[in-house]
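Heads up: the protein sequence lines correspond to chains A and B, in order.
Read in this note's numbering, the first sequence has 17 at position 17, and its numbers run on one by one without any break.
Read in this note's numbering, the second sequence has 1086 at position 86, and its numbers run on one by one without any break.
Glycine residues also receive a C-beta, built at the ideal position from the N, C-alpha and C atoms.
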Amino acid sequence: AQSVTQLGSHVSVSEGALVLLRCNYSSSVPPYLFWYVQYPNQGLQLLLKYTTGATLVKGINGFEAEFKKSETSFHLTKPSAHMSDAAEYFCAVSDGDNDYKLSFGAGTTVTVRA
Amino acid sequence: EAGVAQSPRYKIIEKRQSVAFWCNPISGHATLYWYQQILGQGPKLLIQFQNNGVVDDSQLPKDRFSAERLKGVDSTLKIQPAKLEDSAVYLCASSLTDRGSYEQYFGPGTRLTVT
């Protein structure tokens, strides 16, 4: 069974600063990894995903994440935070095509200071 | 294309009452999911449908929760009777198939408050 740990339930950054959200996973098989964003009173929106191939994945809104198998990590970064990045971010994992089910982390709330 | 639609958006009921949520997935999506998101937690899968058949309901509290997907399109999730701990956001999602690499598209959710 897979699981996800997101380090830090709240992150506060200044506008223009680096955004770094940490995600570690456990999976018995090569995983598929996802980052979702949730704005207030809205559903989840996919930012990016890793399935196979290149370990550095680029997503929407300037976000990217790197799959590091040796560290079982899939950290999300954005070089320069914008006020519109204030939201809740969820990391999720599935056991590839063996198991479609997504297991989500508890989420990290990002606030952006002007 | 239209997204996943859910209604109602908000619902307040008293414990022991019943409630139903409705979901209309993206057209052509064979797979439909219901998630429960308790405040401060990530979404937890309750049930998954492939067309109109249940694929996984292992985490659905079957003594009080039920769900159906008639004709493989719309779906309803029902709680009867509700408990205080059922207060949560109920999210519906759909995807083209149940392959793990396919994106799940989420609706805006129904926020349920049980008093």
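- Runs of the beta strand (DSSP E) lying entirely within the stretch 1066-1097 of chain B and spanning at least 3 residues, in chain order: 1075-1079, 1088-1095.
- Contact note: ALA106(A) reaches chain B through GLY1040, GLN1041, GLY1042, using a C-beta cutoff of 9 Å and chain order.
- Residue-level contact by beta carbon holds for GLN1104(B) and chain A, with a gap shorter than 8 Å.
- Residue state for GLU88(A) is assigned as strand, using DSSP reduced to three classes.
- Not a single C-beta of chain B is nearer than 8 Å to the C-beta of LEU48(A).
- As the crow flies, the alpha-carbon of GLY1072(B) is around 8 Å from that of GLY1053(B).
- Here the alpha carbons of SER80(A) and GLU15(A) stand approximately 7 Å from one another.
- DSSP places LYS69(A) within a helical segment (H, G or I) once states are collapsed to three.
- Around the beta carbon of SER1027(B), fewer than 16 other beta carbons lie within 10 angstroms, which makes this residue exposed.
- Scanning chain A for C-beta atoms nearer than 7 Å to the C-beta of GLY1109(B) yields GLY43, reported in chain order.
- In this structure, LEU1091(B) places its C-beta atom within 8 Å of the C-beta atom of GLY1109(B).
- For SER1007(B), the enclosing beta strand (DSSP E) has its first and last residue at 1005-1007.
- Residues of chain B with a Cβ closer than 8 Å to the Cβ of LEU7(A) do not exist; the shortest Cβ-Cβ separation is about 14 Å.
- Assignment of beta-bridge partners to SER14(A) by DSSP yields ARG113(A).
- In the DSSP annotation of this structure, the continuous segment of the beta strand (DSSP E) that includes PHE34(A) starts and ends at 32-38.
- Residue environment analysis places LEU1046(B) among the buried positions, since at least 16 neighbouring C-beta atoms fall within 10 angstroms of its C-beta.
- Each residue's CA atom was taken as its position, placing THR1097(B) and HIS10(A) some 34 Å apart.
- When CB distances to chain B are screened at a threshold of 9 Å, the residues of the stretch 73-107 of chain A falling below it are PHE90, CYS91, ALA92, SER94, ASP95, GLY96, ASP97, ASN98, ASP99, TYR100, LYS101, LEU102, SER103, PHE104, GLY105, ALA106, GLY107, in chain order.
- Sequence-distant partners of GLN1104(B) (beyond 5 residues in either direction) whose C-beta falls short of 6 Å from its own C-beta, in its chain, are ALA1093, SER1095.
- For ASN24(A), the enclosing beta strand (DSSP E) has its first and last residue at 19-26.
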